[in-house]
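For the sequence shown, full-length UniProt numbering begins at 1 and goes up steadily by one.
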Amino acid sequence: MYNKKHEQNRNRRKSKTENVSGSGTGIRTKQEQDQEQTQTQEKEQELGKEKGKKTKIEQEQFQQQGQSQVQEREQEYEQEQETMQTQKETEQVIDKEKDQKQRNSSKK
1 MYNKKHEQNR
11 NRRKSKTENV
21 SGSGTGIRTK
31 QEQDQEQTQT
41 QEKEQELGKE
51 KGKKTKIEQE
61 QFQQQGQSQV
71 QEREQEYEQE
81 QETMQTQKET
91 EQVIDKEKDQ
101 KQRNSSKK
């Protein structure tokens, strides 16, 4: 019983250190696993960089959109102010004309 477990453990250690992938067993060595993991990490880093570029571009576009919206709102506000000012001036002119007419009619 002890010998079987001892032998199984020894075989496990061998499979980790020896190259047995050529035997068709489908078992990968520790080195192959590490290499695969390193490649995967490198790919993830590259994808992360690309994603970072995309998000940076998206942020810039969002900021530009926000700035243009602010400019539009400022223009709308200025137009409203001008309209209100013009309306006030028009009302003042109308009031002056009414006052003038009343004065003229009261003089007669």
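Virtual Cβ for every residue (Gly too), placed ideally from N, Cα, C.
In whole angstroms, give me the CA-to-CA distance for residue i and residue j.
i           : j     : result
Gln35       : Ser68 : 49 Å
Thr90       : Lys96 : 10 Å
Gly48       : Thr38 : 15 Å
Arg10       : Arg28 : 16 Å
Lys30       : Gln45 : 22 Å
residue 142 : Gln63 : Lying before the first or after the last residue shown, residue 142 is absent from the chain, which here runs from 1 to 108.
Arg12       : His6  : 10 Å
Residue ranges of each alpha helix (DSSP H) within the UniProt region "Disordered" (1-108), 4 or longer | 2-17 and 30-107
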